[in-house]
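>
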Amino acid sequence: MADNQGNPTAKNYHLGVKPAASGWNVKGAEHCDWGMKNRLAAMFDRRSGNAVMLAFDHGYIMGPTAGLERLDLVVPPLVPHVNVLMATPGAIRACLPPTLDKPLCLRVNYDASVLFDDISAGGGIACDIRQAVRMNASCMAAQTFIGAPGEKNSLEVLARTVNAGQEHGIPTLGVVAVGKDMERSERFFLLATRLLAENGANLVKSYYCEGFERVAAACPVPIVIAGGKKLPEAEALAMCRRAIDEGARGVDMGRNIFQAGAPVAMCRAVGKVVHENCTAEEAFEFYQELLHHPE
Ligand code: R5P
174 MADNQGNPTA KNYHLGVKPA ASGWNVKGAE HCDWGMKNRL AAMFDRRSGN AVMLAFDHGY
234 IMGPTAGLER LDLVVPPLVP HVNVLMATPG AIRACLPPTL DKPLCLRVNY DASVLFDDIS
294 AGGGIACDIR QAVRMNASCM AAQTFIGAPG EKNSLEVLAR TVNAGQEHGI PTLGVVAVGK
354 DMERSERFFL LATRLLAENG ANLVKSYYCE GFERVAAACP VPIVIAGGKK LPEAEALAMC
414 RRAIDEGARG VDMGRNIFQA GAPVAMCRAV GKVVHENCTA EEAFEFYQEL LHHPE
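The numbering of the sequence shown is the numbering used here, which starts it at 174 and goes up by one.
Here it is as structure tokens:
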């Protein structure tokens, strides 16, 4: 309890000293509250301002995806080399210990499985805000199907996730899905990424495309790019390089890491591009070195 007598008079206000720069580097979150900022800051590397997010949520609609047949064997070795883990609560609980010291981006929605003709057919909330808080989530991911029959339903799920997240200081990753019928054009990604941001997503997962620099510039929150279907490692690293150079603030990558010839080496090579400004060629050389001479 502060004393109310005998205290020295406050007098040293350091009037010539400006407040320290906030050093805040996550686009669009300058006006968020402390908790939201604290969670976002933990996801993006202080030096590069970027994030390598490992996406292993594919099973929520695809079942055992190639390279992810055994979550318990594939995921733990990758954890030290990423900033964020993006997965379903079930996968996290099953394959990672609660001593984990990495931010979680929880996939909180469910969707129709790939057995349906249209995976946008109808999704909903699989993990509500109470469960996300219990899981100590740093972020919640909600899928959207812009331009598909399930668009309205998915935007409803995004809105509910954003509203609950704002109330609890947990950011939302708006996920732009690209199904078999959805175009992958600049026009589509300009619309989809901006729409998710305007609907409250604090960051957006999308894909690299020609004209990506305009997509990144027009989106008021950070965009991280998915890798999409497996590419040759050199091509995947070149795509990362182009995306970062054109404004992406990182990757939310799955198949191009866990389906690589050497997933840990590929994960580290992606980090060289995302955080250390290496060229794709330098990163691929690093990958091959690790592939042939594992540490
Ligand atoms: C797929 O189900 C999810 O949206 C993935 O989180 C996203 O596509 C990133 O994974 P990948 O790099 O394999 O596309």
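Heads up, the beta-carbon is just placed ideally off N, CA and C, and yes, glycines get one too.
In the DSSP output, which residue or residues are listed as bridge partners for Val-446?
Here residue 446 refers to the residue found at position 273 of the sequence shown. Paired residues: none, contrary to the question.
> Helix, strand or coil for Ser-379, going by three-state DSSP, please let me know.
Taking the sequence shown and counting its residues from 1, the one referred to as residue 379 is at position 206. Strand at Ser-379.
> Between which residues of its own chain and Asn-198 is the CB-CB distance below 7 Å, once the five residues before and five after are set aside?
Locating residue 198 in the sequence shown gives position 25, counting from the first residue. Only Phe-217, Gly-222 meet the Cβ criterion.
> Of all the beta strand (DSSP E) runs that stay within the bounds of the stretch 240-303, which reach a length of 3 or more residues?
Counting only runs of 3 or more, we get 257-260, 277-280.
> State yes or no: is the C-beta of Asp-230 nearer than 6 Å to some heavy atom of the ligand R5P?
The residue given as residue 230 occupies position 57 in the sequence shown. Yes, Cβ of Asp-230 sits closer than 6 Å to a heavy atom of the ligand R5P.
> Who are the Cβ neighbours of Cys-451 in its own chain at under 6 Å, not counting the five residues just before and after it?
Along the sequence shown, one-based indexing puts residue 451 at 278. Closer than 6 Å at Cβ, skipping near neighbours: Lys-445.
> At what residues does the beta strand (DSSP E) containing Thr-345 begin and finish?
Working through the sequence shown from its first residue, we reach residue 345 at position 172. Per DSSP, Thr-345 belongs to the beta strand (DSSP E) from 345-349.
> Specify the secondary structure class of Ala-374 as computed by DSSP and reduced to three states.
As a working note, residue 374 is residue 201 in the sequence shown. Here Ala-374 sits in coil by DSSP.
> Skipping 5 residues on each side, what residues in its chain have a beta carbon closer than 7 Å to that of Ala-389?
As a position in the sequence shown, residue 389 is number 216, starting the count at 1. Within the same chain, Ala-389 has close Cβ partners Ile-396, Glu-419, Gly-420, Ala-421.
> Can you tell me whether Ala-501 sits near the ligand R5P, meaning its C-beta is under 6 Å from at least one heavy atom of the ligand?
Nothing in the structure corresponds to residue 501, since the chain is present only between 174 and 468.
> Could you have a look at Gly-236 and say whether DSSP puts it in helix, strand or coil?
Reading the sequence shown from its first residue, position 63 is the one you call residue 236. The answer is coil: DSSP assigns Gly-236 none of H, G, I, E or B.
> Give every residue of the same chain whose Cβ lies closer than 8 Å to the Cβ of Gly-434, excluding the five residues on either side of it in the sequence, and list them in chain order.
The residue given as residue 434 occupies position 261 in the sequence shown. Closer than 8 Å at Cβ, skipping near neighbours: Glu-406, Leu-464.
> Secondary structure at Cys-312, three-state DSSP: helix, strand or coil?
Locating residue 312 in the sequence shown gives position 139, counting from the first residue. Note: Cys-312 maps to strand in three-state DSSP.
> Less than 6 Å between C-beta atoms, sequence neighbours within five positions excluded: which residues of the same chain meet that for Pro-262?
Numbered from 1 along the sequence shown, position 89 holds the residue referred to as residue 262. Closer than 6 Å at the Cβ level, and outside the excluded window around Pro-262, lie Leu-279, Cys-300, Met-308.
> I'd like to know whether the C-beta atoms of Ala-239 and Gln-432 end up nearer to each other than 7 Å.
Translated into the one-based positions of the sequence shown, residue 239 becomes position 66. Translated into the one-based positions of the sequence shown, residue 432 becomes position 259. It is a contact, given that the beta carbons lie within the stated cut-off.
> Mapping the DSSP letters down to three states, classify Thr-366 as helix, strand or coil.
Residue mapping note: residue 366 aligns to position 193 of the sequence shown, counting from 1. Correct three-state label for Thr-366: helix.
> Where does Ala-194 fall in DSSP's three states?
Here residue 194 refers to the residue found at position 21 when the sequence shown is read from its first residue. Here Ala-194 sits in coil by DSSP.
> Taking the beta strand (DSSP E) that Ile-398 belongs to, which residues open and close that run?
The sequence position of residue 398 within the sequence shown is 225, counting from 1. Start and end: 396-398.
> Does at least one heavy atom of the ligand R5P sit under 6 Å from the Cβ of Met-426?
To locate residue 426, count along the sequence shown from 1; it is residue 253. Indeed, a heavy atom of the ligand R5P lies less than 6 Å from the Cβ.
> For the stretch 359-377 against the stretch 227-235, are there 3 or more C-beta pairs whose distance is under 8 Å?
Contact between the stretch 359-377 and the stretch 227-235 is absent, because fewer than three Cβ pairs lie under 8 Å.
> Apply the 10 Å Cβ neighbour rule to Tyr-460 and answer buried if 16 or more other Cβ atoms are within range, or exposed otherwise.
On the sequence shown, residue 460 is found 287 positions in, with the first residue counted as 1. Tyr-460 should be labelled buried.
> Determine the extent of the beta strand (DSSP E) in which Leu-227 is found, giving its start and end residues.
Mapped onto the sequence shown, residue 227 falls at position 54. Per DSSP, Leu-227 belongs to the beta strand (DSSP E) from 224-228.
> When the Cα of Pro-276 is compared with those of Glu-449, Val-255, Asp-290, which residue comes out closest?
Position 103 of the sequence shown holds residue 276. Checked all of Glu-449, Val-255, Asp-290; the closest Cα to Pro-276 is Val-255.
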